[in-house]
Every structure is written in C-alpha cells, then in structure tokens.
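Note that the sequence shown covers residues 1 to 240 in the UniProt record's numbering.
No residue lacks a Cβ here, since even glycine has one placed at the ideal position from N, Cα and C.
Given the structure is predicted, the values throughout are model-derived calculations rather than measurements.
Structure, as structure tokens:
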Amino acid sequence: MSDHIVKSYDRDLETLGRRIAEMGGIAEKMLAEAMDALAAFDVTLAQRVVVADARLDALQRDIEESAILTIARRQPLAIDLRECIAAIRISGDLERVGDLAKNIAKRTVKIAGEARLPRAIIGLKSMHDVAALQLKDALDAYAQRDVERARSVWINDAELDALEDSVFRDLLTFMMEDPRNISFCTHLLFCSKNLERIGDHTTNIAETVIYLVTGEPMPTDRPKTRSPDGGGAIPPAAPL
C-alpha cells in the first residue's frame, strides 16, 4: 500500500485488509470443520459450523460499509480505489464460501442418522482437499499481492470440476446398486456441488487479486475440463 499524506487513510486500508484476513480464517475453518463433520457424521461439529456463519456475515457487512465510507470520504483513485473494490468483492466471496460450508454442515445433520456407505465420502474428501488448497492460495495471493499465485488458482479450478464429475458418477453408481442409497447419496451430491461452488468463489478471489494488482480483468471464460455440452473433455486454458 502507498504511503499517504493522510495517515488515517492508510489505517482505513490496513483495517480492511485485516478484516479480510479474519474472514478468510473463519471461512477456512468452517470449510475444514464441515468436511470433518461430514466424514465422521458428527452432528455437534456440524452445528458449530452453522453457528460460526453469523460471525462471517457480520464481518462481510462491516467490510462493505467501511469500504463504501472510505470511498465516500477519501475519493480514492487508481490502486487505492481498487483496494476498496477488492475488499468488497472478496468479502462477498468469502461470505458465500461460509454459506456453502454451512450447507454441507446442515446436510450432515440430516444424514448423520443413516451413516451408511462411508466409502461414498472418499471422493468428497478429495474435492475438499483441492478446494481448501485453492482457498488458502487465493487468500495468500491477496495478502502478498501475488499475481502469479492468483493466476495459478484461476487455472487450476478445472481440477475441481473434473473431481465433481467423478464424484457424480460414483454416487450415481451407488444409487443404482441399491435404492436405499438414493436419499443419502442425493445429499452427498448437493455437498459435491457446494464444494465445486466454493472453488468458483476462490477463483473469483483470484480474479480480484489480479485486478487489484494489475488493474486488468481476467478473461470471461474460465478453464474447463469438460465441453459445454457435457461431452468429451477439453484441455485447460494455457497460462496467460
């Protein structure tokens, strides 16, 4: 951040950065605990994730209000304006990550009584590992203003899409093997979609970091591992 004549301006921007970091920490913890709860069918842990979402929502509102007030008071230009816009965008994405983790926790509560077919969770664990790493890398890219790391997050989103396809096929097989698995696996399908959407939000954060540092937006089309019609795979886009 630049060294402004008005020191309180620097403090405004630093405060936004600290609050984003706090949101990121909460979102990462919620995602990890939601997956741990699902893997162990732990209702108590799942309920803790649901409760934690309120703090994330409050921080998001606080960041948005603070950023808007900073824009109104300071009338920033160039990178200073992008700092405020980035804080608003990233806080919104982190709030959605929290919502999606909360949804996984809520579904855990619903299916914990069945606790059937533990092997069906394996693919979701792989999805979680990728999504959690993507989220960490996106937050680190923001903290360090690291364009290359952010670009890597953007490119690697295709891996999570491919894993979701694999999980879908596995769960469909389990449902076809035994109709009693249908309800249980349907909840897991929604959990899989939530993890894929978390990947999309980490990609949004990466795009925002690139915009913040360079002032340039990323291309509209993201890398994909499957064709638009759901047919054969297509290779991920090359690094820009």
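Residue i and residue j: beta carbons closer than 9 angstroms?
i: residue 54; j: residue 46; result: no
i: residue 57; j: residue 205; result: no
i: residue 211; j: residue 86; result: yes
i: residue 134; j: residue 147; result: no
i: residue 88; j: residue 64; result: yes
i: residue 124; j: residue 38; result: yes
i: residue 203; j: residue 143; result: no
i: residue 99; j: residue 157; result: no
Between the Cα of residue i and the Cα atoms of the options, which residue gives the shortest distance?
i: residue 150; options: 72, 140 and 158; result: 140
i: residue 62; options: 77, 37, 39 and 15; result: 15
i: residue 131; options: 170, 186, 20 and 197; result: 197
i: residue 80; options: 32, 17, 60 and 125; result: 17
i: residue 122; options: 98, 188, 101 and 100; result: 188
i: residue 193; options: 83, 128 and 176; result: 128
i: residue 208; options: 117, 72 and 90; result: 90
i: residue 216; options: 66, 82, 24 and 29; result: 82
i: residue 214; options: 145, 179, 195 and 155; result: 145
i: residue 155; options: 52, 66, 67 and 219; result: 219
i: residue 186; options: 159, 28, 110 and 126; result: 110
i: residue 36; options: 20, 73, 126 and 19; result: 126
i: residue 24; options: 136, 165 and 48; result: 136
i: residue 159; options: 195, 178, 176 and 179; result: 195
i: residue 19; options: 72, 74 and 84; result: 84
i: residue 103; options: 48, 178, 179 and 176; result: 48
So residue i packs on residue j, CB below 8 angstroms; how close in whole Å?
i: residue 257; j: residue 70; result: Outside the shown range of the chain, which is 1 to 240, sits residue 257, and nothing can be said about it.
i: residue 107; j: residue 190; result: 6 angstroms
i: residue 101; j: residue 43; result: Residue 101 to residue 43, Cβ: 16 angstroms. No contact.
i: residue 31; j: residue 97; result: 7 angstroms
i: residue 22; j: residue 60; result: With 8 angstroms as the limit, residue 22 and residue 60 do not qualify as a contact, their Cβ atoms being about 11 angstroms apart.
i: residue 105; j: residue 50; result: 5 angstroms
i: residue 120; j: residue 174; result: 6 angstroms
i: residue 181; j: residue 117; result: 6 angstroms
i: residue 26; j: residue 52; result: 6 angstroms
Establish whether the CB of residue i and some CB of chain B are separated by less than 9 angstroms.
i: residue 126; result: In the displayed structure, chain B is absent; only one protein chain is listed.
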